[in-house]
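First residue of the sequence shown: 196, per the working numbering; consecutive thereafter. Where a beta carbon is used, it is the ideal one built from N, C-alpha and C, also for glycine. Computed from a predicted model, the values in this text were never measured in an experiment.
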Amino acid sequence: MEIAGIISAIVVGLIIGILGRLVAPGKQGIPIWLTLLVGVIAAFIGTAIARGLGYADTNGFDWLELLTQVIVAAVGVSIAAGLYGRRRVTH
């Protein structure tokens, strides 16, 4: 992957993280930096899933790949919110 591809994947990942947070059920008590990090990771994982299942390279915009990335991000945000909430102990 070229440097431009990595930078564009990071930018797309940031957007994916925000979309994943909007799609995830309930309130997520996690900082925005964690949401964005989950989005970047979800973008790479979603792309790998789409390539593995054979629908990453289509003509035009890859809506199924985007949907896969958003679903992975929503699951990731939910997991991160659960783990982050446990880490913060109220006294």
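Distance between residue j and residue i (C-alpha atoms, nearest Å)
{"i": "Y279", "j": "T253", "result": "37 Å"}
{"i": "I240", "j": "G271", "result": "11 Å"}
{"i": "G212", "j": "I225", "result": "12 Å"}
Pair within 8 Å by beta-carbon distance, residue i and residue j
{"i": "I244", "j": "T263", "result": "yes"}
{"i": "G277", "j": "V235", "result": "no"}
{"i": "V233", "j": "G221", "result": "no"}
Extent of the continuous alpha helix (DSSP H) to which residue i belongs
{"i": "I198", "result": "I198 to V218"}
{"i": "A243", "result": "I227 to L248"}
Neighbour-count burial assignment, residue i, 16 or more Cβ in a 10 Å radius
{"i": "V267", "result": "buried"}
{"i": "A275", "result": "buried"}
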